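Q: So the protein lines, in turn, are chains A and B. Just so we're aligned, residue 0 is where the first sequence starts under numbering that gives the first Met the number 0, counting upward by one. Just so we're aligned, residue 0 is where the second sequence starts under numbering that gives the first Met the number 0, counting upward by one.
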Amino acid sequence: MAIVLDGTTGISAPALTGLIDAANLTGVIAAAQITGALNASGSAPVFTCRAWVNFNGTGTIAIRASGNVSSITDYGVGMYRLNFTTAMPDANYAVIGSPSKPSVSSWVYWAQPRMPSEILAESVVIQTGYVSGTNAGNYNATQDLSDISVAIFR
Amino acid sequence: MSKRIIYKNTDGTVAVIIPADCGLTIEQIAAKDVPTGLPYKIVDVSDIPSDRTERDAWMIDDTELTDGIGGDSNEFN
């Protein structure tokens, strides 16, 4: 039966049952095809990012882009909680924090989980700041940063 | 989003939630991401100071937090 478009009676088409059921899809997408599509060579398994966010932590704090993050909670200077839209299976995930330097300098800027007890399946608290070897009397501190990226792997 | 959610932590400090474009409404995000039992208020982003010089000294009157109560998605605050 062909698909028929009729301005009076509408659209008629053959039943799709059996065309796209699980049995017909089995074997269509092989593991090698998935890793190939991801440009992943070799036999090592691929684990994808489960949540990520890029945000401005200064001034009017704003999320530039994100995935599986429902919100950021601003707790104070250099402290932000990432709330996941869909929770992780547990709290044993990897947190990758990467702030950009706000200016050209030899200082080291960091973004990391504040403490183990604040790594939860639903959220994680990130603290940001710097370490300076040149600023006498002010060698390290918590600080708002303008370009913070965090990724979660599990 | 042009909205923010504010609530008071149990230590008296002010928390500000910045919603992401995640498919949830601001009300759904508030119910999910405000800690359990804490009252909150949904405000315009323009109501939040952009000058964070005194960020850790921000205060909010409890009587202003009238838009709802946090749900049970979070285990700490």
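All residues carry an ideal CB built from backbone N, CA and C; glycine is no exception. Please read all numbers here as calculations on a predicted model, not as lab measurements.
Give me the DSSP bridge partner(s) of residue 140(A).
A: 129(A)
Q: Rounded to the nearest angstrom, how far is the Cβ of residue 70(A) from that of residue 19(B), given a contact under 8 Å?
A: 6 Å
Q: Going along the stretch 2-25 of chain B in order, which residues come within less than 7 Å of chain D, judged by CB to CB distance?
A: Reference to chain D is not applicable here, since the protein chains of this structure are A and B.
Q: Just reading off the beta strand (DSSP E) that residue 66(A) is part of, what are its end residues?
A: 61-66
Q: Mark residue 34(B) as exposed unless 16 or more other C-beta atoms lie within 10 angstroms of its C-beta, in which case mark it buried.
A: Here residue 34(B) is buried. Its C-beta has 16 or more other C-beta atoms within 10 Å.
Q: Skipping 5 residues on each side, what residues in its chain have a beta carbon closer than 8 Å to that of residue 51(A)?
A: 65, 66, 67, 68, 148, 149, 150, 151
Q: Give the range of the beta strand (DSSP E) segment to which residue 4(B) is assigned.
A: 2-7
Q: Would you check if the distance between the CB atom of residue 5(B) and the CB atom of residue 31(B) is smaller than 9 Å?
A: no
Q: Listed from N- to C-terminal order along the chain, which residues in the stretch 60-88 of chain A have their beta-carbon within a distance smaller than 7 Å of any beta-carbon of chain B?
A: 60, 61, 62, 65, 68, 69, 70, 71, 72, 73, 74, 75, 76, 82, 84
Q: Is the Cβ-Cβ distance between residue 131(A) and residue 104(A) less than 9 Å?
A: yes
Q: Taking Cβ positions only, does residue 31(B) come closer than 9 Å to chain A?
A: yes
Q: Output the distance between the C-alpha atoms of residue 43(A) and residue 95(A), rounded to the nearest integer angstrom.
A: 21 Å
Q: List the residues of chain A whose Cβ lies closer than 8 Å to the Cβ of residue 55(B), in chain order.
A: 75, 76
Q: For residue 55(B) versus residue 76(A), is the C-beta spacing smaller than 9 Å?
A: yes
Q: So which residues of chain B does residue 57(A) contact, with C-beta pairs closer than 8 Å?
A: 51
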